[in-house]
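Asker: My questions all concern the structure below.
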Amino acid sequence: MKFIHTSDWHLGRSLCNHPLLDDQAHVLQQIADYAQQHQADALVIAGDVYDRAVPPAGAVRLLNDFLNRMHGLNIPVVIIPGNHDSADRLGFAATPLNASGVHIIADYEQMLQPVMVKTQMGPLYFHGIPYTDPIQVRVFAQEPIDSYEQAHRYLIERIARNKPAQGVHVLISHCFLAGSQESESERPLAVGGADQVPAALFEGFAYVALGHLHGPQAFRQGRIRYSGSPLKYSFSEEKHKKGVLLVDIDQDGVAAATPLPLYPRHEVRTIEGKLDDLVRAAQTDAHCDDYLLARLTDDHAILDPMGKLRAVYPNLLQMEKPQLYQDETGPLMSAARLRRDEFSLFSDFFEQVSGQPMTQAQSTAMQSVVDNVLKREA
12 MKFIHTSDWH LGRSLCNHPL LDDQAHVLQQ IADYAQQHQA DALVIAGDVY
62 DRAVPPAGAV RLLNDFLNRM HGLNIPVVII PGNHDSADRL GFAATPLNAS
112 GVHIIADYEQ MLQPVMVKTQ MGPLYFHGIP YTDPIQVRVF AQEPIDSYEQ
162 AHRYLIERIA RNKPAQGVHV LISHCFLAGS QESESERPLA VGGADQVPAA
212 LFEGFAYVAL GHLHGPQAFR QGRIRYSGSP LKYSFSEEKH KKGVLLVDID
262 QDGVAAATPL PLYPRHEVRT IEGKLDDLVR AAQTDAHCDD YLLARLTDDH
312 AILDPMGKLR AVYPNLLQME KPQLYQDETG PLMSAARLRR DEFSLFSDFF
362 EQVSGQPMTQ AQSTAMQSVV DNVLKREA
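Mapping the sequence shown onto the working numbering, position 349 (from 1) lands on 360, and the numbers just tick up by one.
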């Protein structure tokens, strides 16, 4: 029995205000192809299907197209909401959708009814925990639950009471597992580590399919895994290897997960160097249309560096100039250093615009202006 494990699609998301719907459609096509190619018994989406509680129309159409293809392939899809989703909106019409093979586990009552998928080796049960916080579980349980750990412990115990004796059991959750690695693009569930859930809670399942963290990670001999997001959603993720997991469970209930790579339309990467060097490098860069962060190492002011770079790197999304304002004595500049930098900025600007340096008289006048302005602001 085998299934595809994926999560954190964040449909409708942007990268530095650049819309990613076309990029998302590109990788969803690959996910559907993998499901068909490997004749998957099911496909699991472990939360954060959308990027916002009220997703844009294009994101809804994209999910609809994907689910239509899965229906045509007769591959069941099991979905739980994540912290970016609205459980009520994502779970709309969940009951009638079950008949078409789309199983959305959006509330606790649905959680207590596992999704059973028939396979050649017997029944495969999916138990989904919709994203939750301790307050919601406290209301549902009518018990004093104050932490994410307590909330998960209670819900898993409730699931265990309803587990059929036969078959293979898979748990799906959207949470922050203790000891896992974050990136900058995940929204914190709580502050100070209060959102962490220990791996020890997830015993009694052949496999645990997790969502929330965007980097693929494995725990407990690979029995507990994050699939990671299908795309890089921040420059902090540029070293991630994005993909989905093909999970194969043998007749003894032992799970093995094989990463299946996803190939984006545009890579997310950082280029670094002096402006002139980067512009020249673009002439031989076969992937100059990637989504780029440019880190300039020039130590002087430059006129319109973003425009010059975008002329050769059309998808430049962000630029950093760490050397321009870095001070050798620390992050706070002295007044003398600040005066020198203000003067240098104008001096470089003047030379780039006029094509020649300032005269001595012009330099003296400009230095006087800078000094007067700084005195007023002091």
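The beta carbon of each residue, even a glycine, is placed where N, CA and C say it ideally should be.
1) Okay, do the region 204 to 224 and the region 242 to 254 touch, 3+ Cβ pairs below 8 Å being the bar?
2) Within its chain, find whatever has a CB closer than 7 Å to the CB of K243; leave out the 5 residues flanking it on each side and keep chain order.
3) Helix, strand or coil for A201, going by three-state DSSP, please let me know.
4) Output needed for V323: all residues of its chain with C-beta closer than 7 Å, excluding positions within five of it in sequence on either side, in chain order.
5) Tell me the rounded alpha-carbon separation between G133 and M81.
6) Taking 8 Å as the cut-off, does the region 133 to 150 touch the region 18 to 26 (at least 3 CB pairs, one atom from each stretch)?
7) By alpha-carbon positions, which one of K319, Q147, S358 ends up nearest to Q371?
8) Whole-angstrom Cβ separation of D59 and G222, contact assumed at under 8 Å?
9) Identify, in the order they occur along the chain, each residue of the same chain with its Cβ nearer than 8 Å to the Cβ of M122, setting aside the five sequence neighbours on each side.
10) So what does H180 bridge to, in DSSP terms?
11) Would you call the region 92 to 111 in contact with the region 62 to 73, where contact means no fewer than 3 C-beta pairs closer than 8 Å?
12) Looking only at C-alpha atoms, which of P92, A210, F246, P241 sits nearest to Q232?
13) What does DSSP give as the partner residue(s) for Q40 in the beta ladder?
14) Quick one: what does DSSP say R306 is sitting in, helix, strand or coil?
15) In the DSSP assignment, find the alpha helix (DSSP H) that holds R24 and state where it starts and stops.
Answerer: Straight from the coordinates:
1) no
2) E249, H251, K253, V279
3) With a pLDDT of only 47 at A201, under 50, the local geometry of the prediction cannot be trusted, and the value read off the model is given with reservation. A201: coil per DSSP, three-state reduction.
4) V290, A293, C299
5) 21 Å
6) no
7) S358
8) 6 Å
9) I116, H138, G139, I140, P141, L166, R169, I170
10) Y136
11) yes
12) A210
13) Answer is none; Q40 lacks a bridge partner.
14) strand
15) Unbroken run through R24: none, as it is neither H nor E.
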